[in-house]
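Q: Provided herewith is a single structure, encoded as C-alpha cells, for subsequent inquiry.
Protein chains in written order, with our numbering: chain A, 1 to 254; chain B, 255 to 508.
Here you go:
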C-alpha cells in the first residue's frame, strides 16, 4: 500500500495511525466528522486532516476505523472507485461498505485505550478481502505491523470477535463484581489488582485448562455454599452458580 | 518473629518460604507428610526438613500452608502450647486449628504457581489473631514482605477470598470458554493472549467501571442476538445472556 487515509479519530484510529507510521507506511490524511478530533490526531502525528468529504485525498487504501454503527454511513463518503476500502470491525461483513470500490476488512484484535501504549507487533490482525490480490496486500500491510496475522472469512472473524467478548468484556465485568464484593469488606480495589494481573500473566505460558484453581475446580461444596450465602444480589448468585457448575462440568471426568 | 517453621510444601509453602527468607526471617524447618516434597523445598532453600512430627523443632511461629481440607489434621501435629500457629486460608476460621497454642491467620491474596516468579512486595496480606500482641507480630511480619497488609476478621477475609474467586477462578474459566470459541474458528489460543493481558493491564490504573467496553455496554442488541446464534452450548448461552444482562443493568442509567 503506497498511501493510506484513515477515516475516524477514536481509539482504534489513534493506534492504527501510529502503528502504520511507525512502520513507515504513508498515512496521507485523517478524516473525521468532528474537526477538533481530526485535528488532534493529525497534529499529534504530523499528517493532514479534514472534516470535509470534498477534501478527501486519493489513496490506495481507506481504513474506516469507527464504531460498528458508524461504518455504513462513513462508507458512503469515499468518492473513488479504483481503490480499496476496509473497516476494522470484528463483527461486520464487507457488505456493510456501500460504494463501488473494492472491499475488505482489517481487524486488530485488541482493546484500545488512547493514552495507553501498546506493542503493536503483538496485536493479532485478521484480514479479509473480496479478491485475492487485495487480501495479499492487506496481509502484507498487517504483517509489517504485527507478528500474528491471519486470513479469515466473516464467519470465523465473528467467532474470534465473540471470543474476545468473553476474554475481555465479560472478564472486565467480573473484575467489577469482584470489586463490589471487596468493597463490602471495606477493602479497596487495589487488593485485587495483583491477583488480576497474575491470573492473566499465568496463562501467557499455560493453558486455562491447567491454570484453573478454586473451590469449584476442587468440588468444594462447603465453600460454594458459604459463598452463595455471602452473596446478597440474586443476579450475582445466579452467575456464581452457573460459573461454578460450568467449571465443575469441565473437570468432572478428572 | 525470631523463628518460623513451615508446615506444607505446596505452591503457597514454596513461595512463603522464599518470601520470608528473602526478608531475612529465620525459617528453621519445613515439615511435610511426603518426605520427598519436604526435601525438595528444604534443599532448594538450604533449610532443614522432615516428615516426622517427633522431629518438629520449636519455633515462635508455625505457618500451616496447606489446602483447606488438610489444615485441621496438620494442626494437631504441633506439640507445643507456648507458640503461635497460623493457617494461610482465605476461608477457614482460626477455630479450625486444634491445639492449645495461640492461633491466627496469615493469608496471602495471590494465585501461586511454583515455577513462576512473583514480586512478593506486591502481594496483599490479610492477618488475624486471637490476641492483639500476636496480630501485631503477624502484621509486622507481613509488612516486611509486602507493601499491602490489612488486619481483617474472618468474615471480611471470607469476602476478600470470594472476590478472588470472581477475579481469578471465574475469570480463568472465561479464558477457557473464549479459547474453545476461538478454536471453533480454527484459531490458536495465542490470538487471545495479548487481549487478555491488556484487559488486566488496563485496570491497573483504571477502574473496571470505566474500562468496560463491548456490545452489552453499548446496548447493541443486534450483535448480542448474533452471538447467541453462534453459541451452540446451552450453558454458554445462559452465561452469555446473564453476563450481558448484568453489564446492561450496570450501565442502564448512563
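From the three backbone atoms N, C-alpha and C, an ideal C-beta is built for every residue, glycine too.
Just checking: is the beta-carbon of residue 214 of chain A within a distance shorter than 9 angstroms of some beta-carbon in chain B?
A: The count along the first chain starts at 1 and reaches residue 214 of chain A at position 214. True, the Cβ-Cβ gap to chain B drops below 9 angstroms.
Q: Mind listing the chain B neighbours of residue 230 of chain A? Cutoff is C-beta to C-beta under 9 angstroms, in chain order.
A: Residue mapping note: residue 230 of chain A aligns to position 230 of the first chain, counting from 1. Here the neighbours are 409, 412, 413, 416.
Q: How about residue 132 of chain A and residue 440 of chain B: are their beta carbons less than 9 angstroms apart?
A: Locating residue 132 of chain A in the first chain gives position 132, counting from the first residue. Locating residue 440 of chain B in the second chain gives position 186, counting from the first residue. No; because the gap between Cβ atoms is not below 9 angstroms, this pair is not in contact.
Q: Would you kindly work out how many angstroms separate the C-alpha atoms of residue 202 of chain A and residue 369 of chain B, rounded to a whole number?
A: Taking the first residue of the first chain as position 1, residue 202 of chain A is located at position 202. Taking the first residue of the second chain as position 1, residue 369 of chain B is located at position 115. Whole-angstrom Cα-Cα distance: 11 angstroms.
Q: Once the 5 residues before and after residue 97 of chain A are set aside, which same chain residues still bring their CB inside 6 angstroms of it?
A: Taking the first residue of the first chain as 1, we reach residue 97 of chain A at position 97. Counting only Cβ-Cβ distances below 6 angstroms, and skipping sequence neighbours, we find 75, 85, 103.
Q: Is it true that the stretch 213-226 of chain A meets the stretch 387-399 of chain B, where meeting means three or more beta-carbon pairs spaced less than 8 angstroms apart?
A: These segments do not touch.
Q: So is residue 218 of chain A in contact with chain B if we call contact Cβ pairs under 9 angstroms?
A: For the purposes of this step, residue 218 of chain A is taken as the residue at position 218 of the first chain. Residue 218 of chain A counts as touching chain B.
Q: Which residues in the same chain have their Cβ closer than 8 angstroms to the Cβ of residue 241 of chain A, if we skip the five residues on either side of it in sequence?
A: Here residue 241 of chain A corresponds to residue number 241 of the first chain, with the count starting at 1. So the list reads 228, once near-sequence residues are dropped.
Q: Only counting the same chain, and skipping five residues up and downstream in sequence, which positions put a Cβ closer than 7 angstroms to that of residue 3 of chain A?
A: By 1-based counting over the first chain, the position of residue 3 of chain A is 3. Correct list, in chain order: 26, 28, 59, 60.
Q: Which residues does DSSP pair with residue 108 of chain A in a beta bridge?
A: In the first chain, counting from the first residue as 1, residue 108 of chain A sits at position 108. DSSP output for residue 108 of chain A lists A:125 as bridge partner(s).
Q: Return the first residue and the last residue of the alpha helix (DSSP H) that residue 14 of chain A is part of.
A: In the first chain, counting from the first residue as 1, residue 14 of chain A sits at position 14. Here the alpha helix (DSSP H) through residue 14 of chain A covers 11-22.
Q: What are the boundary residues of the alpha helix (DSSP H) that includes residue 428 of chain B?
A: Working through the second chain from its first residue, we reach residue 428 of chain B at position 174. From DSSP, the alpha helix (DSSP H) with residue 428 of chain B extends over 425-438.
Q: Does the beta carbon of residue 389 of chain B sit closer than 9 angstroms to a beta carbon anywhere in chain A?
A: Locating residue 389 of chain B in the second chain gives position 135, counting from the first residue. No, its Cβ sits nowhere closer than 9 angstroms to a Cβ of chain A.
Q: Within the 9 angstroms Cβ cut-off, does residue 274 of chain B reach chain A?
A: Locating residue 274 of chain B in the second chain gives position 20, counting from the first residue. Residue 274 of chain B does not count as touching chain A.
Q: Mind pulling the chain A residues with CB within less than 7 angstroms of residue 458 of chain B?
A: On the second chain, position 204 is the one that residue 458 of chain B refers to. By Cβ distance, chain A contributes 193, 197.
Q: Just verifying my parser: in three-state terms, what is the DSSP assignment at residue 240 of chain A?
A: Walking along the first chain from the start, residue 240 of chain A turns up at place 240. Helix at residue 240 of chain A.
Q: Report, in whole angstroms, the separation of the C-beta atoms of residue 380 of chain B and residue 363 of chain B, which I expect to be a contact under 8 angstroms.
A: Here residue 380 of chain B refers to the residue found at position 126 when the second chain is read from its first residue. Here residue 363 of chain B refers to the residue found at position 109 when the second chain is read from its first residue. 6 angstroms between Cβ atoms; contact.
Q: Please say whether residue 267 of chain B and residue 319 of chain B have beta carbons closer to each other than 9 angstroms?
A: Your numbering for residue 319 of chain B matches position 65 in the second chain. Your numbering for residue 267 of chain B matches position 13 in the second chain. In contact: residue 319 of chain B and residue 267 of chain B (Cβ atoms closer than 9 angstroms).
Q: Taking Cβ-Cβ distances shorter than 7 angstroms, what residues in chain A pair up with residue 316 of chain B?
A: The residue you call residue 316 of chain B lines up with position 62 of the second chain. The premise fails here: residue 316 of chain B is roughly 24 angstroms from chain A at the closest Cβ pair, so nothing lies under 7 angstroms.
Q: Kindly indicate the opening and closing residues of the beta strand (DSSP E) around residue 48 of chain A.
A: Counting from one through the first chain, the residue named residue 48 of chain A turns up at place 48. 48-50 is the extent of the beta strand (DSSP E) around residue 48 of chain A.
Q: Is it a yes or a no for the stretch 490-505 of chain B touching the stretch 242-251 of chain A, going by three-plus beta-carbon pairs under 8 angstroms?
A: In short, these stretches touch, since the Cβ pair count reaches three.
Q: Could you pull out every residue in the same chain whose Cβ sits closer than 6 angstroms to the Cβ of residue 270 of chain B, ignoring the five residues on either side in sequence?
A: One-based indexing of the second chain puts residue 270 of chain B at position 16. Answer for residue 270 of chain B: 319, listed in chain order.
Q: Between which two residues does the alpha helix (DSSP H) containing residue 315 of chain B stretch?
A: Mapped onto the second chain, residue 315 of chain B falls at position 61. Run containing residue 315 of chain B: none in the alpha helix (DSSP H); it sits in the beta strand (DSSP E), 315-318.
Q: Please report whether the beta-carbon of residue 325 of chain B lies at a distance below 9 angstroms from any beta-carbon of chain A.
A: Numbered from 1 along the second chain, position 71 holds the residue referred to as residue 325 of chain B. Chain A contact via Cβ: absent.
Q: Kindly indicate if chain B contains any beta-carbon less than 9 angstroms away from that of residue 139 of chain A.
A: Numbered from 1 along the first chain, position 139 holds the residue referred to as residue 139 of chain A. Not an interface residue.
Q: Measuring only between beta-carbons, confirm whether residue 151 of chain A sits less than 9 angstroms from chain B.
A: As a first step, residue 151 of chain A is located in the first chain; it is residue number 151 there, counting from the start. It does not; no Cβ of chain B falls within 9 angstroms.
Q: Check whether the Cβ atoms of residue 123 of chain A and residue 333 of chain B sit closer than 9 angstroms, and answer yes or no.
A: Within the first chain, residue 123 of chain A is the residue found at index 123, counting from 1. Within the second chain, residue 333 of chain B is the residue found at index 79, counting from 1. Contact flag unset, no.
Q: Are the C-beta atoms of residue 143 of chain A and some chain B residue less than 9 angstroms apart?
A: The sequence position of residue 143 of chain A within the first chain is 143, counting from 1. Judged by the 9 angstroms Cβ criterion, residue 143 of chain A is not in contact with chain B.
Q: Leaving out five residues on either side along the sequence, give the residues of the same chain with a beta carbon under 6 angstroms from the beta carbon of residue 375 of chain B.
A: In the second chain, the residue the question calls residue 375 of chain B occupies position 121. Once the five neighbours on either side are set aside, the close Cβ partners of residue 375 of chain B are 400, 401.
Q: Find the nearest neighbour of residue 506 of chain B within the set B:484, B:485, B:463, judged by alpha-carbon distance.
A: Along the second chain, one-based indexing puts residue 506 of chain B at 252. Of the candidates B:484, B:485, B:463, the one whose C-alpha sits nearest the C-alpha of residue 506 of chain B is B:463.
Q: Using a Cβ-Cβ distance cut-off of 9 angstroms, determine whether residue 279 of chain B contacts chain A.
A: In the second chain, the residue the question calls residue 279 of chain B occupies position 25. False, the Cβ-Cβ gap to chain A never drops below 9 angstroms.
Q: Over what stretch of residues does the beta strand (DSSP E) that includes residue 405 of chain B continue unbroken?
A: In the second chain, residue 405 of chain B corresponds to position 151, counting from 1. Run containing residue 405 of chain B: 403-405, per the beta strand (DSSP E) assignment.
Q: Residues of chain A with CB under 9 angstroms from residue 491 of chain B, in chain order?
A: Start at 1 with the first residue of the second chain, and residue 491 of chain B comes out as number 237. Per Cβ cutoff of 9 angstroms: no residues; residue 491 of chain B is ~11 angstroms from chain A at best.
Q: When you compare the CB positions of residue 519 of chain B and residue 317 of chain B, do they come within less than 9 angstroms of one another, or not?
A: The requested residue 519 of chain B does not occur in the structure, where chain B is confined to residues 255 to 508.
Q: What does residue 251 of chain A reach in chain B if we use C-beta pairs closer than 7 angstroms?
A: Taking the first chain and counting its residues from 1, one reaches residue 251 of chain A at position 251. Under the 7 angstroms cutoff, chain B gives no residues; its nearest Cβ is about 10 angstroms from residue 251 of chain A.
Q: To the nearest angstrom, how far is it from the Cα of residue 172 of chain A to the Cα of residue 49 of chain A?
A: Start at 1 with the first residue of the first chain, and residue 172 of chain A comes out as number 172. Start at 1 with the first residue of the first chain, and residue 49 of chain A comes out as number 49. Straight-line Cα distance between these residues: approximately 34 angstroms.
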